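S.K.:
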Ligand SMILES: [Mn+2]
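Printed below as a string of C-alpha cells:
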C-alpha cells in the first residue's frame, strides 16, 4: 500500500475502536507521539489510556493490558513484533506506528512505517500527526508537537532542516499560526534560552575554530563586531532569537568569514529554525529543539506523563515540574561528561569506549556520550557501556557519532545489531545513534567486535 493508504487504514481502524490504549516511548518523539495520538483519539470521543515504556521488552510488556482495547504502539513495536505475538496479541487488536526497522513476524499486524515508504527523515510523531489529521482535518494544531518530535529524533540534523513529509507538517503549523519557520537561520542549539556566546561555544556542527568549545573565544569574537549589542539595558544577556535581521546578518557573515579563513565548509552554518511564537520568550518552550530537550528530560527521569501534560498545554504545575526535571537532567549530564573526560577514554582503531558501571543512570549515558564526543576525536564513534539498574545480567551499550562519519559510511545501527546478536544480545537504533543490550559475560569482547565491524564499514 502507498503512504496515504496506510495512513487512512490506520486512522479508520482507530476511529472504529471503542477504546484505545496508546503504548509509546519515553523520549521526546515518543512523548509527542502519544500527545498527538491520544488527543486525536479523545477528540473523536473515544476512550483512551496511555502506557509509557522505556523500551519494549518482556518486562515492560506486563504494562500492556489484556483487554478489549485497540493497542496502538507508536515509536516502537516494529522491531518487537514477535514479542507482541508472544504476549498473545492478535492481529485485530494491534496497530504499529513506527519508524524503526521492522522485524519479520508470523502475525501481520497493521503497520504504518516511514521506512516502508522511503521516508527516512520522518519520525513517529510525524506519522502520528498524519494519522491524527486523517482522523479529523482540524487536528492541524498538533503540527507543532509533530515538529518537536521530529527535531527531537534528529530528523532535521542531516539536512539542517526538516524535509519531505516532515516539512509539510511545518507548512501546516505555519498555516495555523503555531509555527514560525526561519530559513537560513543560525544552525545552533539554544537560540531561545542561551546567551549567544554560550550558544556558539557549545556548537560543534559546524566546528568553528576559535569559537566551538570556547565561551571566552566566542565572547571576544562577538564583542569585536561592535555593532551587535550583547546585553539588555538591565544587564541580562540577549539570546539569538531576539536579534533583529540586521544583527543576525552581521554575526552570520562574520561566522562565514571565520570558517572560510580556516578552510572549513560553511554550508552547515545555516539551518531552518522552528519557533513557536505563542510560547513565552526565553523559555525552552519557544523552539522545537529546546522543547524536545525539555520532554527528553521528563522522559529520562521517569516523568513522561509530565512531558505529556506540557504537550497538552499545561503551563502551571506540570510545566514547573518539567523545568525542574530539565535542571536536574542537565546537572547529571554535566557530571557524566566530566567523568568521561576525567577518567579518560580507551581508543581502538575505529572507536573509543568507556564503561561507567552503575555510576550514571542508563537513560542518559547515550546523551552524555554524544556531548562528550564533541570534545574528543570526532572520527572515532564513542561507545559507552553501563549497568542498567533492573537487570544484573545485562550491560547497556550506547553509541554516538556525527554526520561527517555517517556520510563516510558509518552505520552504528548495523554494527550494534550485528555485534549484539552474535554475543547473545539485541540492538538497534539509527546510523548516527544506536544502542544495545548484551550479557555481562560478553562485555569484554564487545568493544573489539564493534570496532572490527566499523573498520569494515569504512573500507
Ligand atoms: Mn522516534
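Numbering (this note's numbering), first residue to last: 1403 to 1861.
Backbone N, C-alpha and C define an ideal beta-carbon position, used for all residues, glycine too.
These numbers come from a predicted model, not from an experiment.
Once the 5 residues before and after residue 1462 are set aside, which same chain residues still bring their CB inside 8 Å of it?
M.R.: Once the five neighbours on either side are set aside, the close Cβ partners of residue 1462 are 1455, 1456.
S.K.: Are the C-beta atoms of residue 1830 and some chain C residue less than 9 Å apart?
M.R.: Among the chains of the structure shown, chain C does not appear; only one protein chain is present.
S.K.: Should residue 1545 go down as buried or exposed, given a rule of 16 or more other Cβ atoms within 10 Å for buried?
M.R.: Label assigned to residue 1545: buried.
S.K.: Can you find a heavy atom of ligand 1 that lies under 8 Å from the Cβ of residue 1432?
M.R.: Answer for residue 1432: yes, Cβ within range of ligand 1.
S.K.: According to DSSP, is residue 1585 part of a helix, a strand, or is it coil?
M.R.: Three-state DSSP puts residue 1585 in a strand.
S.K.: Under the DSSP definition of a beta bridge, which residues are partnered with residue 1749?
M.R.: Residue 1749 is bridged to 1754.
S.K.: Taking the Cβ atom as the reference point for each residue, do residue 1725 and residue 1697 lie within a distance shorter than 9 Å?
M.R.: It is not a contact, given that the beta carbons lie outside the stated cut-off.
S.K.: Identify whether residue 1448 lies in helix, strand or coil by the three-state DSSP scheme.
M.R.: Residue 1448 falls in the coil class under three-state DSSP.
S.K.: Beta carbon of residue 1573, beta carbon of residue 1527: below 9 Å?
M.R.: Contact flag unset, no.
S.K.: Nearest-angstrom Cα distance between residue 1411 and residue 1482?
M.R.: Using only the alpha carbons, I get a separation of about 21 Å.
S.K.: Tell me the rounded alpha-carbon separation between residue 1507 and residue 1459.
M.R.: Whole-angstrom Cα-Cα distance: 16 Å.
S.K.: Among 1542, 1565, 1540, which has the Cα closest to the Cα of residue 1863?
M.R.: Here the chain comprises residues numbered 1403 to 1861, so residue 1863 is not present and cannot be evaluated.
S.K.: Since residue 1558 is in the beta strand (DSSP E), which residue starts that stretch and which ends it?
M.R.: That residue, residue 1558, is in no beta strand (DSSP E); it is neither H nor E in DSSP.
S.K.: Can you tell me where the beta strand (DSSP E) with residue 1672 in it begins and where it stops?
M.R.: Here the beta strand (DSSP E) through residue 1672 covers 1672-1677.
S.K.: Answer yes or no: the CB of residue 1691 versus the heavy atoms of ligand 2, is any distance below 8 Å?
M.R.: This structure does not include ligand 2; its bound ligands are ligand 1.
S.K.: Could you tell me if the beta carbon of residue 1731 falls within a distance shorter than 8 Å of some heavy atom in ligand 1?
M.R.: Because no heavy atom of ligand 1 lies under 8 Å away, the Cβ of residue 1731 does not count as near it: no.
S.K.: Taking a contact to mean a Cβ-Cβ separation below 9 Å, would you say residue 1701 touches residue 1427 in this structure?
M.R.: Contact: yes.
S.K.: Can you list, in chain order, the residues of its chain whose CB lies under 7 Å from that of residue 1670, leaving out five sequence neighbours each side?
M.R.: So the list reads 1562, 1589, 1607, 1608, once near-sequence residues are dropped.
S.K.: Helix, strand or coil: how does DSSP classify residue 1762 here?
M.R.: Reduced to three states, the DSSP call for residue 1762 is coil.
S.K.: On a CA-only basis, which of 1793, 1764, 1600 is nearest residue 1841? Give me that one, please.
M.R.: Comparing Cα-Cα distances from residue 1841 to each of 1793, 1764, 1600, the minimum goes to 1793.
S.K.: The alpha helix (DSSP H) spanning residue 1513 covers which residue range?
M.R.: Residue 1513 -> not in any alpha helix (DSSP H); beta strand (DSSP E) instead, spanning 1512-1515.
S.K.: Which first and last residues belong to the beta strand (DSSP E) in which residue 1838 is found?
M.R.: Segment 1835-1841, the beta strand (DSSP E) holding residue 1838.
S.K.: Give me, in chain order, the residues of the same chain whose beta-carbon lies closer than 8 Å to that of residue 1582; leave out the 5 immediate sequence neighbours on both sides.
M.R.: Correct list, in chain order: 1576, 1676, 1677, 1678, 1679.
S.K.: Whole angstroms are fine: how far does the CA of residue 1668 sit from the CA of residue 1766?
M.R.: Near 31 Å, if we compare the C-alpha coordinates of residue 1668 and residue 1766.
S.K.: List the DSSP bridge partners of residue 1798.
M.R.: DSSP, once it has assigned bridges, lists 1788, 1839 as partnering residue 1798.
S.K.: From residue 1470 to residue 1769, what does the alpha carbon distance come to, in whole angstroms?
M.R.: Straight-line Cα distance between these residues: approximately 38 Å.
S.K.: Per DSSP, what kind of secondary structure is residue 1499 in: helix, strand or coil?
M.R.: Strand.
S.K.: Can we say the segment 1747-1763 touches the segment 1781-1788, given the rule of at least three CB pairs closer than 8 Å?
M.R.: Touching, yes, given that three or more Cβ pairs across the two stretches are closer than 8 Å.
S.K.: What does a CB cutoff of less than 8 Å around residue 1712 pick up in its chain, not counting 5 residues either side in sequence?
M.R.: Cβ within range, chain order: 1687, 1696, 1697, 1700, 1720, 1721, 1724.
S.K.: Candidates 1616, 1537, 1682: which alpha carbon is nearest residue 1644's?
M.R.: That would be 1682, whose Cα lies nearest to the Cα of residue 1644.
S.K.: For residue 1426, does the three-state DSSP call read helix, strand or coil?
M.R.: Three-state result, residue 1426: strand.
S.K.: With DSSP as the reference, please indicate the residues paired to residue 1816 in a beta bridge.
M.R.: Answer is none; residue 1816 lacks a bridge partner.
S.K.: Rounded to the nearest angstrom, what separates residue 1603 and residue 1787 at their Cα positions?
M.R.: Taking the straight line from one Cα to the other gives about 28 Å.
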